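K.L.:
Protein chains: 2
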Amino acid sequence: MARRSDHTRAELEKLIVDEAHRQMEDVGFQAFSAREVAKRIGYSIGTLYNVFGSLNRLLLAVNARTIGLWVAEIEAALERAENDRIGALVESYFAFAGRHRNIWSAVYDHRSPAGEELPDWYRAALESLTGVMVREVAAALPESRQMEAPALAGSLLALVHGHCVFALDGTFRLLGVEAPLELAVTRVREILGDGQSRGES
Amino acid sequence: MARRSDHTRAELEKLIVDEAHRQMEDVGFQAFSAREVAKRIGYSIGTLYNVFGSLNRLLLAVNARTIGLWVAEIEAALERAENDRIGALVESYFAFAGRHRNIWSAVYDHRSPAGEELPDWYRAALESLTGVMVREVAAALPESRQMEAPALAGSLLALVHGHCVFALDGTFRLLGVEAPLELAVTRVREILGDGQSRGES
DNA sequence: ATAATTATTGAACATCGCTCAATATGACGC
DNA sequence: GCGTCATATTGAGCGATGTTCAATAATTAT
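Chains as they are written, first to last, in UniProt numbering: chain A, 1 to 201; chain B, 1 to 201.
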């Protein structure tokens, strides 16, 4: 099969995460299988465990990659945005989740085993996401309310996340609500204070 | 083993859901096992499938029961509440999730297989939950804003859900936010309009 | 060339959801 | 009481899963 000269350790790690991420995108969290990933890249299941130690860490690697792509897309949308940065933020958050349901859901569907603490590189990925929120919220707030920024950012993250979850799982449909994104944006505007918002391009 | 004279069909169904619900509360969604449930009540795995048809429907029955308990607890809190009904609503929502993490999480962790539509009795359970939200939001809104009630109720549900998820999974801790419940209540008050709120008992 | 080190394997184990021919049980007519 | 039929219950069997680890292959060091 595969020879160890074919790939350095780092290359092999990337090869596995690549395929695992593709697999997650295709079949979703429930149907994800480490064996299938191994088969597709031509290595045995054992090698997969040698490299990542556990399925948990492989899934964290997959999710960290997802978060990275997600943050990149949000940042790109923010660069394109002219005035309405908060609107662009919420919109691109939603857009990514809608366009990549499987990998997006996996971030929240997977739970690390109890007692296991998150690796630093995964924490860093999470913080890059929350970091964008805190930064943009701070920028949208007047000087006098800067100290509220972190709490407000958390609140906004929770608000947008909730709307996103219920938009995708059908809860909003069940309620007869048909524009969850607009709803979320409206909520966010109310919360950041009506002073500098309400709708412009 | 168990004789058919021991239980009517309805009793057997209840026996299974009882044990499955207990099991879910004890070990959580990931470790839940239909085989284990069968073993504990002294029936075989086959009987379980005869009664419920699939694991999906058993899990829906477990989750429907959870939602029932949840709604009952919220309604009880609302009856005790004097003035601040919205505060009581959010607080009891949070309290249930915190006190029954496993069964609460299972409601959102479980996904029905694609294409399978939800049984009416499960829809009814979901609607009893959303119904409380719509009713209370409507009661908290002035006459002039009654038409917004359903959309606002959905928004509030999403907002509270998001805060609840991030409170339990550690995201708020990661952000340095230490009072997610109060944060959620504040957000809800802002959204319903400051006219009749801001903090009184 | 030989020894020591490291990478890779994949059969083996326990467990899972799920199926279905076989069996046990109960009810009914005579 | 007996035989017949319908129904309830079983649990071995199937194809998967995650995980382990002695055995093997490949590389490096001596």
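Glycine included, every Cβ here is placed at the ideal spot set by N, Cα and C.
Treat the numbers as computed from the prediction; the structure is a model and nothing was measured.
1) Quick one: using the 10 Å Cβ neighbour count with 16 as the cut-off for buried, is B/Ser44 buried or exposed?
2) List in chain order: all unbroken alpha helix (DSSP H) runs of 4+ residues lying wholly within the stretch 107-193 of chain B.
3) If I follow the unbroken alpha helix (DSSP H) through B/Asp18, where does it start and stop?
4) Are the CB atoms of B/Val90 and B/Leu129 nearer to each other than 7 Å?
5) Note down, in chain order, every chain A residue with its Cβ under 9 Å from the Cβ of B/Glu143.
6) Any C-beta of chain B within less than 8 Å: which residues of the stretch 15-43 of chain A qualify?
7) State the DSSP-derived secondary structure class of B/Gly46, mapped to helix, strand or coil.
8) When you compare the CB positions of A/Ala95 and A/Ala88, do they come within less than 7 Å of one another, or not?
9) For the alpha helix (DSSP H) containing B/Asn56, name the first residue and the last one.
10) So, helix, strand or coil for B/Asn102, using DSSP?
11) Give the straight-line distance between the Cα atoms of A/Phe52 and A/Glu13, rounded to the nearest whole angstrom.
12) Which residues, in chain order, does the stretch 166-194 of chain B contribute to contact with chain A at a C-beta distance below 7 Å?
13) Does the CB of A/Ser155 have a neighbour CB from chain B at under 7 Å?
14) For A/Thr47, which of A/Pro113, A/Arg9 and A/Glu79 has the nearest alpha-carbon?
15) Just mark A/Trp104 as buried or exposed, buried being the case when its beta carbon has 16 or more other beta carbons within 10 Å.
16) Can you give the beta carbon distance from B/Tyr122 to B/Ala158, rounded, assuming they're within the 8 Å contact cut?
17) Just to confirm, does B/Tyr49 get its C-beta within under 6 Å of one of the non-hydrogen atoms of the ligand ZN?
18) For B/Gly199, collect the residues of the same chain with a Cβ closer than 6 Å to its Cβ; drop the 5 residues on either side in sequence, then sort them by chain order.
19) Out of B/Glu73, B/Ile191 and B/Leu58, point me to the one whose CA is closest to B/Leu118's CA.
20) Determine whether the Cβ of B/Gly53 lies closer than 7 Å to any Cβ atom of chain A.
21) Just to make sure I have the definition right: I need the residues of chain A whose C-beta is within less than 8 Å of the C-beta of B/Gly162. Which are they?
22) I think residue 231 of chain A touches A/Val134, with their Cβ atoms under 8 Å apart; what is that distance to the nearest whole Å?
23) A/Gly98: which of A/Glu73, A/Phe172 and A/Cys164 sits nearest, CA to CA?
24) Could you tell me which chain A residues have their CB closer than 9 Å to the CB of B/Thr130, listed as they occur along the chain?
25) Answer yes or no: do A/Ala34 and A/Leu55 have a C-beta to C-beta separation smaller than 7 Å?
P.N.:
Based on what the coordinates show:
1) exposed
2) 120-140, 149-169, 171-174 and 180-192
3) Arg9 to Ala31
4) no
5) Residues of chain A passing the Cβ test: none, with the nearest at roughly 20 Å.
6) Gln30
7) helix
8) no
9) Leu55 to Arg80
10) helix
11) 8 Å
12) Phe166, Phe172, Leu174, Leu175, Gly176, Val177, Leu183, Arg187, Glu190 and Ile191
13) yes
14) A/Arg9
15) buried
16) Actually they do not touch by this definition, with Cβ atoms about 20 Å apart.
17) Looking for the ligand ZN in the displayed structure turns up nothing, as the structure carries no ligands at all.
18) Caution applies to B/Gly199, whose pLDDT of 40 falls short of 50 and renders its modelled position unreliable; the model cannot decide the point.
19) B/Leu58
20) no
21) Leu157, Ala158, Leu159, Val160, His161, Gly162, His163 and Val165
22) Outside the displayed span of chain A (1 to 201) sits residue 231 of chain A, for which this structure offers no information.
23) A/Cys164
24) Thr171, Leu174 and Leu175
25) yes
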